[in-house]
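Each residue of the sequence shown is one higher than the last, beginning at 200 in this note's numbering. Ideal placement from N, C-alpha and C gives every residue a C-beta, glycine not left out. From a predicted model like this one, the values you see are computed outputs, not experimental measurements.
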Amino acid sequence: MPIVMTINSGSSSLKFKVYDMPEEKVLCSGNCERIGLPDGIFTIKYNGNSDVTYPVFPNHGVAAKLVVQSLIEKGVIQDFNEIKAIGHRIVQGGKYFSSSAFFNEDTEKKIESLIPLALLHNAAHLTCYRAFKEALPNCPAIATFDTAFHQTMEPADYTFPIPYELSKKYDIRRYGAHGTSHQYLSLEGLKYLKGVKHPRIISCHIGSGSSITAIKDGKCVATSMGLTPLGGVMMGTRTGDMDPSVFNHVVSVTGKSAEEVYQMFNKKSGFLGVSGVSNDTRDVLAAAENGNERALLAVQIFCRRIADFIGQYFVRLGGCDLLIFSAGIGENEPRIRRRVCHLLEEALGVKIDEKINSTARGKEVVLSLPESKIKVVIIPTDEEVMIARDCYAMCIKGK
Ligand code: AMP
Numbered sequence: 200m201p202i203v204m205t206i207n208s209g210s211s212s213l214k215f216k217v218y219d220m221p222e223e224k225v226l227c228s229g230n231c232e233r234i235g236l237p238d239g240i241f242t243i244k245y246n247g248n249s250d251v252t253y254p255v256f257p258n259h260g261v262a263a264k265l266v267v268q269s270l271i272e273k274g275v276i277q278d279f280n281e282i283k284a285i286g287h288r289i290v291q292g293g294k295y296f297s298s299s300a301f302f303n304e305d306t307e308k309k310i311e312s313l314i315p316l317a318l319l320h321n322a323a324h325l326t327c328y329r330a331f332k333e334a335l336p337n338c339p340a341i342a343t344f345d346t347a348f349h350q351t352m353e354p355a356d357y358t359f360p361i362p363y364e365l366s367k368k369y370d371i372r373r374y375g376a377h378g379t380s381h382q383y384l385s386l387e388g389l390k391y392l393k394g395v396k397h398p399r400i401i402s403c404h405i406g407s408g409s410s411i412t413a414i415k416d417g418k419c420v421a422t423s424m425g426l427t428p429l430g431g432v433m434m435g436t437r438t439g440d441m442d443p444s445v446f447n448h449v450v451s452v453t454g455k456s457a458e459e460v461y462q463m464f465n466k467k468s469g470f471l472g473v474s475g476v477s478n479d480t481r482d483v484l485a486a487a488e489n490g491n492e493r494a495l496l497a498v499q500i501f502c503r504r505i506a507d508f509i510g511q512y513f514v515r516l517g518g519c520d521l522l523i524f525s526a527g528i529g530e531n532e533p534r535i536r537r538r539v540c541h542l543l544e545e546a547l548g549v550k551i552d553e554k555i556n557s558t559a560r561g562k563e564v565v566l567s568l569p570e571s572k573i574k575v576v577i578i579p580t581d582e583e584v585m586i587a588r589d590c591y592a593m594c595i596k597g598k
């Protein structure tokens, strides 16, 4: 029963899960939050227990060491050698990676070269990889890329209409994100599509970051996020797609620098920027229900952009057999799902069971009525298990 560990690091957090493979049994999970700040939070769940402590994490290295030591202290493992592989989630794999890769000097170099395309993420991933390498020097490590699943897109779907030489010289194109989640959803979704020869799936990963993906025969055909996760539908704090001239105009009328406006479009826009209330859909929906017009407008924009992408991908796929809702909002927010599905009803014949939808939270369930022209389901996403599967397949199976 080999043990593998998955690591999902952000600029100030480090989430981990420990699996018994190939059973995919979660032995332990946890999170180091507020890395680099004076008041860290460490949560660890194991064996039916859940402990929270408040250590200071000056950097990811300290967090990584605490994680591995805790596994011994909590009795999850007896010896570090029991961990047979570590899988790191990497946000940006650029043009280099269409599947998971072993960590080595070349992989490190490529991830490093892609830092400009994932400013906060790729650098934190590398720091984290190096920290675990120091803590567990003999353990093989793999990198699983958020962009890899989207590498099957055709040039007409991933090329931006800027001067072609520029695209080529600087690798400017649509890379997408949340690929591991979309791939997981497409695999899980197949059980609803028995007998369908060429399954056409539209998966909606909608949380604080949101992306929609069109999948045919298990391969990504199109996805809403672009060069970076700023593109696509409106999100918690990101704009999503807009007329590119908005950027120039805002720079010119505010006198802010390009960098300041870029940060504004990433961190102060979307639900937060339009509503002025919050980046959390729950707060914005509550405000809208209390008559806040800006909050209602934010909800309307969000749902319409999602419906727009679904319509676009319906055409791109030549139809759709399964529509999947997932991630924080998709799994837990009936009001958003209802609004989106209503927008699809007239044109695409989507009909959901309002009663099932109103109580469905965080669990897999079919939402559509039998007469719906598209089957609609909620599938809770699981990026970690995909990483664990790759760890097992690449580092353990057959050895
Ligand atoms: P994610 O980034 O996938 O964790 O999604 C985060 C967003 O999902 C939050 O900002 C909320 O708007 C929404 N969300 C998460 N959990 C719930 C919940 N239990 N009920 C309603 N909305 C939720």
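At least one heavy atom of the ligand AMP lies closer than 7 Å to the C-beta of S407.
Contact between the segment 325-345 and the segment 297-312 is present: three or more C-beta pairs spanning the two stretches fall below 8 Å. Rounded to whole angstroms, the gap between the alpha carbons of R503 and C540 is 10 Å.
In the three-state reduction of the DSSP assignment, N230 falls in the strand class, which pools E and B. For G548, there is no enclosing alpha helix (DSSP H), as DSSP marks it with neither H nor E. Between E570 and K554 a beta carbon distance of about 15 Å is seen, past the 8 Å cut, so the two are scored as non-contacting. In this structure, the straight-line span from the alpha carbon of L484 to that of I411 is close to 21 Å. Not one heavy atom of the ligand AMP sits closer than 7 Å to the Cβ of G229.
Counting the other CB atoms within 10 Å of its CB gives S299 a total of 16 or more, which places it among the buried residues. The beta carbon of E532 sits closer than 7 Å to at least one heavy atom of the ligand AMP.
With respect to the 8 Å criterion, V217 and A284 are not classified as neighbours on the basis of their beta carbons.
In the three-state reduction of the DSSP assignment, R538 falls in the helix class. Closest option to M593, judged by alpha-carbon separation, among T438, S456, L213, M220: M220. DSSP places T326 in the uninterrupted alpha helix (DSSP H) bounded by 320-334. The C-alpha of I509 lies about 19 Å from the C-alpha of D552. In this structure, the beta-carbon distance from S468 to A486 does not fall below 8 Å. The ligand AMP has no heavy atom closer than 7 Å to the beta-carbon of G469. Three or more beta-carbon pairs separated by less than 8 Å link the segment 407-425 to the segment 373-389, which places the two stretches in contact.
Pairing G388 with I400 gives a Cβ-Cβ distance under 8 Å. P339 and F446 have their C-alpha atoms roughly 44 Å apart. Considering only D581, I535, I573, the residue with the shortest C-alpha distance to A559 is I535.
Bounds of the alpha helix (DSSP H) holding V266 are 259-272.
In the DSSP assignment, Y218 falls within the beta strand (DSSP E) that extends over 213-219.
In this structure, E223 places its C-beta atom within 8 Å of the C-beta atom of V584. Secondary-structure assignment with DSSP links H381 through no beta bridge to anything. When distances are taken from the beta-carbon of I528 to the heavy atoms of the ligand AMP, the shortest one is below 7 Å.
Closest in alpha carbon position to G548, among H287, F513, G529, G597, is F513. DSSP places L522 outside any alpha helix (DSSP H); the residue lies instead in the beta strand (DSSP E), whose first and last residues are 521-525. Where Y461 is concerned, the enclosing alpha helix (DSSP H) starts and stops at 457-466.
Restricted to the segment 463-501, the alpha helix (DSSP H) segments that are unbroken, complete and at least 4 residues in length are 469-474, 480-488, listed in chain order. The C-beta distance from M424 to G435 rounds to 14 Å, too long to fall under 8 Å, and the pair is not in contact. In terms of Cα proximity to L429, the closest of D581, I414, D482, M463 is M463. Per DSSP, the beta-bridge partners of Y245 are C227, N248. A distance criterion of 7 Å places the beta-carbon of T480 in contact range of the ligand AMP, judged by its closest non-hydrogen atom. At a threshold of 7 Å, G435 counts as near the ligand AMP, since its beta carbon sits closer than that to one of the ligand's heavy atoms. Remark: the C-beta of R560 is in contact range of the ligand AMP, defined as less than 7 Å to any heavy atom.
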